[in-house]
Amino acid sequence: MTDAARPMDTFPNIDEDQFQPIDAVALFDAPRASHPPRILMLYGSLRERSYSRLATEEAAQILRRLGAEVRIFNPSGLPLPDSTSPDHPKVKELRDLSLWSEGQVWCSPERHGSMTGIMKAQIDWLPLSLGGVRPTQGRTLAVMQVCGGSQSFNAVNQLRVLGRWMRMFTIPNQSSVAKAFNEFDEAGRMKPSSYYIRIVDVMEELMKFTLLLRDRADYLTDRYSERVESAEEVSKRVSQRSQ
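Under our numbering, residues -16 to 226 are what the sequence shown spells out, in order.
(1) So is Val221 buried or exposed if we call it buried at 16+ other beta carbons inside 10 Å?
(2) Determine, using beta carbons only, whether Tyr34 and Ala163 come nearer to each other than 7 Å.
(3) Does Gln226 pass the burial test, meaning 16 or more other C-beta atoms within 10 Å, or should it be called exposed?
(4) I need the straight-line Cα distance from Arg197 to Ser59, nearest angstrom please.
(5) Alpha carbon to alpha carbon, how far is Ala125 from Ser84? Give it in angstroms, no decimals.
(6) Distance, Cα to Cα, Leu77 vs Leu109?
(7) If you drop the 5 nearest sequence neighbours on each side, which residues of the same chain put their C-beta closer than 8 Å to that of Pro(-5)?
(8) Helix, strand or coil: how does DSSP classify Ala125 here?
(9) Could you check what DSSP says for Met(-16) in three-state terms: helix, strand or coil?
(10) If you follow the alpha helix (DSSP H) that Arg47 is part of, which residue opens it and which one closes it?
(11) With a Cβ-Cβ cutoff of 7 Å, do Ser91 and Gln134 count as a contact?
(12) Just how far apart, CA to CA, sit Ser81 and Ser112?
(13) For Val116, I'd like the list of residues in its chain whose CB is within less than 8 Å of its CB, leaving aside the five on either flank, ordered along the chain.
(14) Determine which residues share a DSSP beta bridge with Thr153 and list them.
(15) Would you call Thr(-7) buried or exposed, if buried means 16 or more other Cβ atoms sit within 10 Å of its Cβ?
(16) Roughly how many whole angstroms lie between the Cα atoms of Lys106 and Thr119?
(17) Is the separation between the beta-carbon of Ile154 and that of Ala42 shorter than 7 Å?
(18) Excluding the five sequence neighbours on either side, which residues of its own chain have a C-beta within less than 7 Å of the C-beta of Asp168, listed in chain order?
(19) Hey, out of Glu31, Gly121, Gly50, Ala7, whose CA is closest to His18's CA?
(20) Please identify the residue among Ser28, Pro62, Tyr202, Arg94 whose C-alpha is closest to the C-alpha of Asp12.
(21) What is the rounded straight-line gap between the Cα of Arg172 and the Cα of Ala38?
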């Protein structure tokens, strides 16, 4: 059998109209946005002295120094998922901020070996699709946690799983602050430490990945499966109208 006739060289299951070659122009020569990267930050505690909030605020200062536009969502007053309609003002605020963002930072305390319910509730209110638009897909994500005891990575590992599920680009670096009650002064500013240095590393990396990916996010998240599905939906609509 000649090479030209090998059965494995045929693709009967491929929709040739929707199977596209890689577009080098879209990958490497995309028009560059000039506005500051837009970063949304979520934290996972309602305590008056919340160390996840303090760590988030410290990271926000670093991001602003690096040139980002930063907004921090206050979860106070956010209802439990599915307990009310998405028209609730706090839910709408969160979803609008997610749509506005080009990158996000999620910072949770670790409680009982897991992220907090406050943290999970915020993510659960962000749907995979909202009116045909995905409010998290294609955005960059940095994950952080604060610990009441020795250093752990349970919460950040779970946040990574959620980031992947929400179709986000989660950066490789992460931050876990052990014994967080020792790491902030009375004014709420973080003391000099290796934990602070790591947060600087993470925010710097987030900025680099956001600048690199934001102009290409639509192309990077364009999927063959969704093009096929969309083509089928269009075909069905046309068929229904012609009947």
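Here a beta-carbon is modelled for each residue, glycine too, at the ideal position from N, C-alpha and C. From a predicted model like this one, the values you see are computed outputs, not experimental measurements.
A quick look at the data gives this:
(1) Since pLDDT at Val221 reaches only 46, below the 50 mark, its modelled position is unreliable, and the value read off the structure follows with that caveat. Classification of Val221: exposed, given that the 10 Å Cβ count is below 16.
(2) Closer than 7 Å, so yes.
(3) Below a pLDDT of 50, predicted positions are generally treated as unreliable, and Gln226, at 49, falls in that range; no measurement from the model is reported.
(4) 30 Å
(5) 13 Å
(6) 8 Å
(7) none
(8) strand
(9) In this prediction, Met(-16) scores a pLDDT of 48, lower than 50, which makes its location untrustworthy; no coordinate-derived value is stated.
(10) 34 to 48
(11) Cβ atoms of Ser91 and Gln134: not closer than 7 Å.
(12) 12 Å
(13) Leu82
(14) Leu124
(15) The residue in question, Thr(-7), is exposed, as its Cβ has fewer than 16 Cβ neighbours within 10 Å.
(16) Going by the sequence as given, residue 106 is Ile instead of Lys. Approximately 10 Å between the Cα atoms of the pair.
(17) no
(18) Lys174
(19) His18 has its Cα closest to that of Gly50, out of Glu31, Gly121, Gly50, Ala7.
(20) Comparing Cα positions, the closest option is Tyr202.
(21) 8 Å
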